[in-house]
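Undergrad:
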Amino acid sequence: LPASLDALVPGYLPTVPADPMAAGKPLNYRSGAEAILWSVGENGVDDQASEALRDPARSDDPGRWDRLDVVVRLTRPTTQPSSD
């Protein structure tokens with residue numbers, strides 16, 4: 052996994068993708084053993100990848116967009132792809 056999203060430009064991406072919820076700002080990314088990519092979510096505030104519910108009183112099965120930030124956890128592959 053890259054150390055930053057900037058490391059993917061221009062080899063994999065033309066630019067760092069914009070966060071659709073954060074007026075002109077890029078998506079957020081944290082590298083490391085538990086790398087994550089996140090959007091600020093509907094409140095437009097970077098809650099530092101918080102997966103807390105926007106409405107804690109919610110009793111149904113909340114989805115990704117019901118959280119303060121929309122977080123995608125990235126995992127490293129456990130095996131190398133075949134060269135066939």
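Take the position in the sequence shown, starting the count at 1, then add 51; the result is the number in our numbering. Glycine is no exception: its CB is placed at the ideal position from the N, C-alpha and C atoms.
Can you tell me whether S136 is buried or exposed? The criterion is at least 16 other CB atoms within 10 Å of its CB, across all chains shown.
TA: Because the chain here runs from 52 to 135, residue 136 falls outside it and cannot be looked at.
Undergrad: Can you give the beta carbon distance from D70 to S90, rounded, assuming they're within the 8 Å contact cut?
TA: To locate residue 70, count along the sequence shown from 1; it is residue 19. To locate residue 90, count along the sequence shown from 1; it is residue 39. Sure, about 5 Å apart at Cβ, within 8 Å.
Undergrad: Within the same chain, show all residues whose beta-carbon is closer than 6 Å to that of N126, passing over the 5 residues directly before and after it, in chain order.
TA: As a first step, residue 126 is located in the sequence shown; it is residue number 75 there, counting from the start. Per the sequence presented here, residue 126 reads as Thr, with Asn not at that position. Here the set comprises nothing.
Undergrad: Tell me whether R105 sits in a helix, a strand or coil according to DSSP, three-state version.
TA: By one-based count along the sequence shown, residue 105 stands at place 54. Correct three-state label for R105: coil.
Undergrad: CB-CB under 8 Å to A73, same chain, minus the five flanking residues each way: which ones, in chain order?
TA: Along the sequence shown, one-based indexing puts residue 73 at 22. Within the same chain, A73 has close Cβ partners S90, V91, G95, D97.
Undergrad: Taking all protein chains shown into account, decide if Y63 is buried (16 or more other Cβ within 10 angstroms of its Cβ) or exposed.
TA: The residue labelled residue 63 in the question sits at position 12 within the sequence shown. Y63 is exposed by the Cβ-count criterion.
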